[in-house]
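Here is the structure we will look at.
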Amino acid sequence: MKVAWFREFGGPEVLTYEEAPDPEPEPGEALVRVRATGVNHVDLDMRAGVSRFPITFPHTLGLEYSGEVAAIRGGGGRVKEGDRVWVFNRIPCGSCEYCMSGRDNLCVQGGDRGRRVPGGYAQLVTLPVSALRPMPDHVPFEDAAAAPIAFGTAWHVLINRGGLQAGDTVLIQAAGSGIGSAAIQIARHAGATIITTASTDEKLARAAEMGAHHTINYAREEFPQRVRDLTGGRGVDLVMEHVGGEVFTKSLECLKRDGAIVTVGGHSGEVVPFDIIPFFRNEYRLLGSSGATRPELMRVMEMVFQGAFRPVVSRVLDLSQAAEAHRLVDSRDFFGKVLLTP
Ligand SMILES: [Zn+2]
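Next up, the structure:
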């Protein structure tokens with residue numbers, strides 16, 4: 016099979032497109048022919064060696080993908096050879112305290128595809144049959160590969176961690192990213208008033224089309240002041256923050272008293288100072304968020320399959336252009352998701 020992998024940390028050029036042995040499924044595993052793979056910003060961090068995840072070489076990235084079942088070793092359960100499938104990227108143990116309490120996204124043993132074991136930047140992958148979910152014929156492989164991380168993560172941030180309710184006002188940072196465009200759709204579904212930010216008017220126009228009520232060009236405007244103006248001085252109930260650095264600290268200035276900020280990314284600055292005094296006097300709340308639980312993933316994917324949520328696919332490149340895909344994601348010159356097709 017062909018694979019795009021890397022043997023050392025570095026720039027996009029360390030991703031090489033090569034021939035590799037076909038993986039062999041173990042008992043209880045399936046061999047899946049990958050048709051589309053999502054490229055995520057964390058892929059770039061893992062390639063560059065700054066992700067803080069353990070990596071062994073050669074490493075095959077790819078946290079979300081869709082494809083067809085090529086073979087099954089042992090019983091297939093709910094899928095059979097030839098079925099079109101999407102996959103759970105985490106394989107939880109099912110027996111730790113987090114799995115037992117329905118929080119399998121926090122599983123202490125769960126190995127992530129593309130993080131601790133080979134992922135979807137390949138023509139073939141093997142994984143436990145329990146990680147496969149069937150997808151309907153009318154849904155393109157690209158949509159199924161573009162949706163799990165963006166919609167699963169955004170759902171977990173807004174609904175689970177942030178407790179977003181109808182009537183709330185939410186600030187969603189970076190509308191042009193995969194997770195930002197998904198969050199706008201989820202917040203609209205939840206009945207919230209949506210304020211969002213982006214660096215260009217073109218991205219903001221797309222965000223407004225998708226349901227954002229107010230848009231702020233952060234290259235031109237001070238977004239904390241604009242948020243105060245838009246909310247009559249009150250501030251927002253919730254901020255989804257996945258940029259980090261100064262965007263994180265300025266986001267704190269956008270909260271109403273008792274407002275919450277959920278943080279889920281930090282590539283613009285991973286260590287940030289912030290003023291503790293207004294934080295406690297206003298009873299602000301700060302929460303982390305990591306991935307999504309399996310029930311959340313199943314719910315958002317069902318809504319994608321029903322057409323209630325629409326993954327935004329910006330560019331689809333051949334797997335041999337994995338390095339180019341990384342340059343594109345790094346440039347942020349796109350709206351939605353970048354995909355690879357092997
Ligand atoms: Zn577990």
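Just so you know, we're using my numbering here: the sequence shown kicks off at 16 and counts up by one. Don't be surprised by glycine CBs; every beta carbon is placed ideally from N, CA and C. Since the model is a prediction, treat every value here as computed from it, not as a measurement.
heavy atom of ligand 1 below 8 Å from residue i C-beta
i	result
G125	yes
P151	no
S11	Coverage of the chain is limited to positions 16 through 357, which leaves residue 11 absent and any answer about it impossible.
P143	no
P310	no
Y113	yes
C122	yes
P107	yes
D183	no
D119	yes
Identity of the residues DSSP links to residue i by a beta bridge
i	result
Y80	T52
T71	The partner list for T71 (beta bridge, DSSP) is empty, contrary to what the question assumes.
L355	T52, L332
T168	Paired residues: none, contrary to the question.
Y32	A19
E44	P143
D127	R105
A189	Answer by DSSP bridge pairing: none, since A189 is not bridged.
G303	T278
A338	Beta-bridge pairing links A338 to no other residue.
T308	Paired residues: none, contrary to the question.
Neighbourhood of residue i by C-beta distance below 6 Å, restricted to the same chain and skipping five residues each side
i	result
G89	P42, G43
G39	Gly is not the amino acid found at residue 39; the sequence shown has Glu there. Same-chain partners within the cutoff: there are none.
A51	S81, F156, E157, A160, L354, T356
N297	R272
T281	Going by the sequence as given, residue 281 is Gly instead of Thr. For G281, where only same-chain residues beyond five positions count, the Cβ hits under 6 Å are G259.
L334	A19, L355, P357
V327	S196, G351
G64	F24
Spatial neighbours of residue i in its chain, beta-carbon cut-off 8 Å, leaving aside the 5 residues before and after
i	result
L139	M16, D37, P38, L46, V47, R48, V49, A85
C269	L186, F238, P239, V242, R243, G250, V251, V254
S214	G191, N232, Y233, A234, R347
E28	A338
D345	P27, L59
E96	V84, A85, A86, I87
F324	A162, F166, A197, Q200, I201, H204, V315, M318
7 Å Cβ shell around residue i - same chain, five flanking residues per side excluded
i	result
K265	F238, P239
L179	L173, V185, A202, A205, A207, L253
F68	M61, R130
E34	K17
I194	A165, T168, A169, H257
Chain D contact for residue i (CB, 9 Å cutoff)
i	result
S81	Checking the listed chains, one finds no chain D in this structure; it contains a single protein chain.
task: Could you pull out every unbroken alpha helix (DSSP H) segment of at least 4 residues lying fully inside the region 199-280, listed in chain order?
output: Counting only runs of 4 or more, we get 216-224, 238-245, 261-267.
message: Which runs of the alpha helix (DSSP H) at least 4 residues long sit entirely within the region 136-161? Give them in chain order.
response: Segments of the alpha helix (DSSP H) lying fully in the region 136-161: 156-161.
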